[in-house]
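Undergrad:
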Amino acid sequence: MVSFSPHAMLLAMALMIALPSTNAFTTIRPQQMAASFPRTHNPSLAKSTNPSITNRLQLPPLPLPTMTTTTTTTTIQKMSTWDDFGYDDDDEFLDSGVDSDFVAADENDDASVKAAAGGSLEAPEVEYDGPVIDVPQGSQLDLDEETVQGVLAACRQEIGTMFGYQAENRGVGITGGVDFVDLDGPTVVLHLKGRFWHQRPTVLQRVGSYLTARIPEIVDVVVEDEWELTDEANDLAI
29 MVSFSPHAML
39 LAMALMIALP
49 STNAFTTIRP
59 QQMAASFPRT
69 HNPSLAKSTN
79 PSITNRLQLP
89 PLPLPTMTTT
99 TTTTTIQKMS
109 TWDDFGYDDD
119 DEFLDSGVDS
129 DFVAADENDD
139 ASVKAAAGGS
149 LEAPEVEYDG
159 PVIDVPQGSQ
169 LDLDEETVQG
179 VLAACRQEIG
189 TMFGYQAENR
199 GVGITGGVDF
209 VDLDGPTVVL
219 HLKGRFWHQR
229 PTVLQRVGSY
239 LTARIPEIVD
249 VVVEDEWELT
259 DEANDLAI
């Protein structure tokens, strides 16, 4: 039997008291170490299984491009064909008559009645006896005296309700006419005569529009005497 000295036994007992229990050296597993630390969660680094969170992480849809439609409207203006041209209502003029022996028909009378009444009045004299140049508006006729005369002859027919060349018009007191006077460069000079239902400046404007729509080189259409455009000139005409 091994025996220990009292000194050795005291040393052994001191070591046993100083050394910690073997439980202090218990092995700590990784899972336990991880559990001891607080966990953090970053939605941007992990895929969420929550549908509401997933929807919030989706980008909004891109807006559809806006299409703009531009509409261009082209307006084409055409000069009147005079198809709807008619008489002005002037009862005072009808009552006055052209001369003391003339009895005017009413504007609502039949055409034959108007023509019968107008037969007692002479038609305005026309000195031009050349060809009638009847072409549509927009034509490109040359500017010369013969062409102006021919187009003016067609004008007398097409807007004939303004003039007294037809017996039916003379039957209600219209005896007015238009004559060519001169061609002064690009300016056409005309002469108004007789009595019109319309204002004489209006008559000149209509004739001028007809001519320039077919002879574009015409710059202006005037009368030889400005007095011809007055109401006095119209009232004194027969």
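Numbers given in this note's numbering equal positions in the sequence shown, counted from 1, plus 28. Ideal placement from N, C-alpha and C gives every residue a C-beta, glycine not left out. All values derive from a computational prediction rather than experimental measurement.
(1) Whose CA, out of I161, V217, K142, lies closest to the CA of E186?
(2) Which residue comes first and which comes last in the alpha helix (DSSP H) that contains T215?
(3) By the 10 Å Cβ neighbour count, where 16 or more other Cβ atoms means buried, how is V247 classified, buried or exposed?
(4) When the distance is taken between beta carbons, is L149 closer than 8 Å to E173?
(5) Do G222 and G178 have their beta-carbon atoms positioned less than 8 Å apart in this structure?
(6) Go to D157, then tell me how far its alpha helix (DSSP H) extends in each direction, as first and last residue.
(7) Go through the stretch 187-251 residue by residue and report every complete run of the alpha helix (DSSP H) that reaches 4 residues or more, in order.
(8) In three-state terms, what does DSSP make of D259?
(9) Whole angstroms are fine: how far does the CA of S167 sit from the CA of A195?
(10) For S167, which of helix, strand or coil comes out of DSSP?
(11) To the nearest angstrom, report how far apart P214 and Y238 are at their CA atoms.
(12) Assign E216 to buried or exposed, taking buried as 16 or more other Cβ atoms, counted over all protein chains shown, within 10 Å of its Cβ.
(13) Measuring straight from C-alpha to C-alpha, what distance separates Q165 and D263?
TA: This is what the structure holds:
(1) Looking at I161, V217, K142, the one whose alpha-carbon comes closest to that of E186 is I161.
(2) Premise fails: T215 lies in the beta strand (DSSP E), 215-221, not in any alpha helix (DSSP H).
(3) Per the 10 Å Cβ criterion, exposed.
(4) No, Cβ-Cβ distance for E173 and L149 is not below 8 Å.
(5) Against a cut-off of 8 Å, the Cβ pair of G222 and G178 comes out as no contact.
(6) Premise fails: D157 is in no alpha helix (DSSP H) and is neither H nor E.
(7) Complete alpha helix (DSSP H) runs here, min 4: 195-198, 228-240.
(8) Here D259 sits in helix by DSSP.
(9) Inter-residue distance for A195 and S167 is about 31 Å (C-alpha atoms, whole angstroms).
(10) If DSSP states are grouped into helix, strand and coil, S167 belongs with coil.
(11) Those two C-alpha atoms are separated by around 15 Å.
(12) Residue identity differs from the one stated: residue 216 is Val in this sequence, not Glu. Label assigned to V216: buried.
(13) The alpha-carbon atoms of Q165 and D263 are separated by roughly 33 Å.
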